[in-house]
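Numbering that gives the first Met the number 0 applies: residue 0 is where the sequence shown begins, and numbers increase by one.
We put the beta carbon where it would ideally sit given N, CA and C, even for glycine.
Predicted, not measured: the structure shown is a model, and the values here were computed from it.
First up is the structure itself, then whatever we jot down about it.
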Amino acid sequence: MPRGRITQIPVRRGDRLIVLDHVARALDPGVRYTEPELNRVLSRFSSDLAVLRRGLLDEGFLEHDRTRYWRCGGTVDL
0 MPRGRITQIP VRRGDRLIVL DHVARALDPG VRYTEPELNR VLSRFSSDLA VLRRGLLDEG
60 FLEHDRTRYW RCGGTVDL
């Protein structure tokens, strides 16, 4: 990850989970984000927001309803 930017989502699931967990930690637990708000956070890590968002959803780090996204998994800093 040059300069903290993700250039490619890893193919190996274990590596992918490490990367996605790193991204998920930038989202505050309990906060519901609109898509533009979520995109602002994700854009710090990658320009391919759709792939990153889909990975977070598919791997259980993120949930959504019609209007909001929220963190539901990953490591929590104490």
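Residue of G29, T66, H63 and S45 minimising C-alpha distance to L19: In the sequence shown, residue 19 corresponds to position 20, counting from 1. Checked all of G29, T66, H63 and S45; the closest Cα to L19 is S45.
Buried versus exposed call for I17 [16 or more other C-beta atoms within 10 Å across all chains shown]: Numbered from 1 along the sequence shown, position 18 holds the residue referred to as residue 17. I17 is exposed by the Cβ-count criterion.
Enclosing alpha helix (DSSP H) for R70 [first to last residue]: Counting from 1 along the sequence shown, the entry for residue 70 is found at position 71. Looking at the DSSP string, R70 is not in any alpha helix (DSSP H); the run it does join, the beta strand (DSSP E), is Y68 to R70.
For R4: DSSP bridge partner residues: Sequence index remark: in the sequence shown, residue 4 carries index 5 (1-based). Answer is none; R4 lacks a bridge partner.
L61 versus A49: straight-line alpha-carbon distance, rounded: Here residue 61 refers to the residue found at position 62 of the sequence shown. Here residue 49 refers to the residue found at position 50 of the sequence shown. Rounded to whole angstroms, L61 to A49 spans 13 angstroms at the Cα level.
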